[in-house]
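Below is one structure, written out as structure tokens; the observations come after it.
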Amino acid sequence: MTRDTLEPTSSSSDVTLAQFVVVANRLPVQLSSSQGNEEWRPSPGGLVSALTPVLQSRNGLWIGWLGVSEHVDAPAVYEGIRLKAIDISKEEYDDFYLGFSNATLWPLYHDAIRAPTFHRKWWHTYKEINRRYAAAAAAAVAPGGTVWIHDYQLQLVPDMLRKLRPDVRIGFFLHIPFPPSELFMQLPWRREIISGLLGADLIGFQVPHAASNFSRIARRLLGAAGTDSILNFDGRVIRVGAFPITVDTAQIVALAGDVKIRERAREIRRDLGNPEVLLLGVDRLDYTKGIQQRLMAMTEMYADGQLVGGTHVLVQVAVPSRESDAHYDLERHNLEQAVSEMNGDHSLVGSPVIHYLHQNLHFDELMALYLAADIMLVTPFRDGMNLVAKEYVVCRTDLTGRLVLSEFAGAAAELRGAFMVNPHDLDGIKEAIGLALKAGPKEAKARMGRMRRKVLRHDVSDWARSFLAALQQGSPPPPLIDSDPL
Ligand code: G6P
-2 MTRDTLEPTS SSSDVTLAQF VVVANRLPVQ LSSSQGNEEW RPSPGGLVSA
48 LTPVLQSRNG LWIGWLGVSE HVDAPAVYEG IRLKAIDISK EEYDDFYLGF
98 SNATLWPLYH DAIRAPTFHR KWWHTYKEIN RRYAAAAAAA VAPGGTVWIH
148 DYQLQLVPDM LRKLRPDVRI GFFLHIPFPP SELFMQLPWR REIISGLLGA
198 DLIGFQVPHA ASNFSRIARR LLGAAGTDSI LNFDGRVIRV GAFPITVDTA
248 QIVALAGDVK IRERAREIRR DLGNPEVLLL GVDRLDYTKG IQQRLMAMTE
298 MYADGQLVGG THVLVQVAVP SRESDAHYDL ERHNLEQAVS EMNGDHSLVG
348 SPVIHYLHQN LHFDELMALY LAADIMLVTP FRDGMNLVAK EYVVCRTDLT
398 GRLVLSEFAG AAAELRGAFM VNPHDLDGIK EAIGLALKAG PKEAKARMGR
448 MRRKVLRHDV SDWARSFLAA LQQGSPPPPL IDSDPL
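Just so we're aligned, residue -2 is where the sequence shown starts under our numbering, counting upward by one.
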């Protein structure tokens, strides 16, 4: 879709109040330029495919940011979904997005892998931007309507919105981990964040453990009463539950059967010199993903002969992310240094041991890579869910392929057929890759079959439906049974 084919923001559809409103930091579309042409494309990620049908069927509205700090006229409607863009200036981008969201909350919620930075100015801007989203939602939602707020960038919106519109039903879902109190209590604005979230009627997390962390802190810090799944606060009942997000399974199975994509997978292997074993990593370039640790483990395996240049080849896709942040810049620098050392030390002429792509790949190309890979490596230090692991499993329709998976990814609770690793343990990563290499086809098939059965039980629309059903009916959320793999 090009910019010219879209309705301007001032379209009359804008003024109709919506029964159902999604509020997320990003809108489901982004402007991308290729070969001099600017085009609106769907934002990547499962959230867009999960929510599109729900929004379409309810004449819903999506409130979010376009990802750029200068003002751009957003399309008013995209694939039947009404859009409302929130403007964020360059200074607000620095303080709200790069600052409080991604240099305070992001590291704090991911085990403080990098030291979180606490700045009062960032906090003030975070509040200000959350207020802006809350005001936009309050102005857009119909009486008695439903608003579903997403992720760590917007944790104050539930309570701000409740104060403006006590008549609406408010759901909140956190896509990333929620830390234990030992870490969370570092946050100077911890009370404000918890009471912000408690403005919702239903608060959803990826895994039971995160839900329990939250409820314990709410009781301890704000004196909320109740259990891990039902809290009483400020004269209201707040439900808390785990709703593990998943992928669009039907779409992935269809793409996995597409002849063009299958041919592309064969072509990739040919282009790589038909290695005996193709290993694959696909991550956003983020310090939480454990990419360097994984490369270190593989470098040692090449050095001690467990992996052999030309026979074992790794493709590492690192999707560019949050590039103006110093931590991310350093991560890229160190990663590229590691890639270069690995190739320098272990490649053969015409056959590098690692092929590194610092690119945002098209989903079809990603699918072809998944289909081409014998071993998928997903080893984050901490991850809310990790949809790459699920995508890989869903596309292996012939039950081939092996998954090496971090115990600290939310997906580990469901993907028990994976070769599990502690991503901090170099020897453990080497051992798990070694086991994946050695596993016979029968074992690999049994493991993949087990994982596929589990993942194919639900798709991403079931995820959205189950959250909204719990929100709508005020029914108890699913029981908090902790299936932590540890
Ligand atoms: C994670 C977060 C999302 C975020 C995405 C990409 O998945 O949970 O909220 O949108 O990373 O990060 P970005 O900073 O580019 O939005």
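All C-beta atoms, glycine included, are put in the ideal place defined by N, C-alpha and C.
Computed from a prediction, not measured in an experiment: that's the story for all the values here.
DSSP bridge partner residues for residue i (one or two, in chain order)
i: residue 37; result: 28
i: residue 75; result: 78
i: residue 351; result: 311
i: residue 164; result: DSSP, once it has assigned bridges, lists no residue as partnering residue 164.
i: residue 92; result: Looking at the DSSP assignment, residue 92 forms no beta bridge with any residue, so it has no partner.
i: residue 234; result: 229
i: residue 380; result: 406
Residue i (DSSP reduced to helix, strand or coil)
i: residue 288; result: helix
i: residue 56; result: coil
i: residue 471; result: coil
i: residue 119; result: helix
i: residue 403; result: strand
i: residue 107; result: coil
i: residue 416; result: strand
i: residue 373; result: strand
i: residue 7; result: A caution first: residue 7 carries a pLDDT of 38, below 50, which makes its placement in the model too unreliable to give a value.
i: residue 240; result: coil
i: residue 463; result: helix
i: residue 175; result: coil
i: residue 170; result: strand
i: residue 222; result: strand
i: residue 202; result: strand
i: residue 398; result: coil
i: residue 368; result: helix
i: residue 187; result: helix
i: residue 316; result: strand
i: residue 456; result: coil
i: residue 1; result: Low local confidence applies: a pLDDT of 33 at residue 1 is under 50, so the model's placement there is unreliable, and no value is given.
i: residue 156; result: helix
i: residue 361; result: helix
i: residue 271; result: coil
Beta-carbon proximity list for residue i, same chain, < 6 Å, skipping 5 on both sides
i: residue 77; result: 53
i: residue 444; result: 414
i: residue 312; result: 277 and 352
i: residue 319; result: 99 and 325
i: residue 471; result: none
i: residue 466; result: none
i: residue 51; result: 461
Same chain, Cβ closer than 7 Å to residue i, five either side skipped, listed in chain order
i: residue 128; result: 157
i: residue 245; result: 43, 46, 456 and 457
i: residue 159; result: 167 and 196
i: residue 387; result: 243, 244, 408 and 452
i: residue 464; result: 168, 170, 201 and 240
i: residue 358; result: 314
i: residue 381; result: 172, 173, 174, 203 and 407
i: residue 101; result: 113, 114, 115 and 119
Start and end residues, beta strand (DSSP E) containing residue i
i: residue 195; result: It is not in any beta strand (DSSP E) - residue 195 carries neither H nor E in the DSSP assignment.
i: residue 180; result: Segment 178 to 181 is the alpha helix (DSSP H) holding residue 180; no beta strand (DSSP E) there.
i: residue 429; result: No beta strand (DSSP E) contains residue 429, which is instead part of the alpha helix (DSSP H) from 423 to 435.
i: residue 268; result: Looking at the DSSP string, residue 268 is not in any beta strand (DSSP E); the run it does join, the alpha helix (DSSP H), is 256 to 268.
i: residue 228; result: 227 to 230
i: residue 140; result: 138 to 147
i: residue 65; result: Per DSSP, residue 65 belongs to no beta strand (DSSP E) and is neither H nor E.
i: residue 280; result: 274 to 281
Burial state of residue i (16 or more Cβ within 10 Å)
i: residue 469; result: exposed
i: residue 14; result: exposed
i: residue 182; result: exposed
i: residue 257; result: exposed
i: residue 96; result: buried
i: residue 446; result: exposed
i: residue 94; result: buried
i: residue 215; result: buried
i: residue 7; result: Any reading at residue 7 needs caution, since the residue's pLDDT is 38, under 50, leaving its predicted position unreliable; the model's value is listed next. So residue 7 ends up on the exposed side.
Boundaries (first-last residue) of the alpha helix (DSSP H) holding residue i
i: residue 16; result: Element bounds for residue 16: not the alpha helix (DSSP H) but the beta strand (DSSP E), 15 to 23.
i: residue 326; result: 323 to 343
i: residue 447; result: 438 to 452
i: residue 250; result: 246 to 253
i: residue 385; result: 384 to 392
Chain-order list of residues whose beta-carbon lies under 8 Å from that of residue i (same chain, five-residue window excluded)
i: residue 254; result: 394
i: residue 66; result: 85, 86, 87, 89 and 90
i: residue 342; result: 296, 299 and 300
i: residue 219; result: 188, 191, 192, 195 and 230
i: residue 377; result: 280, 285, 286, 287, 383, 403, 405, 406 and 420
i: residue 249; result: 364, 388, 391 and 392
i: residue 498; result: This structure leaves residue 498 out entirely; the chain is present only between -2 and 483.
i: residue 423; result: 290, 293, 294 and 297
Residue i CB to nearest heavy atom of the ligand ADP below 6 Å
i: residue 85; result: No copy of the ligand ADP occurs in the structure displayed; its ligands are the ligand G6P alone.
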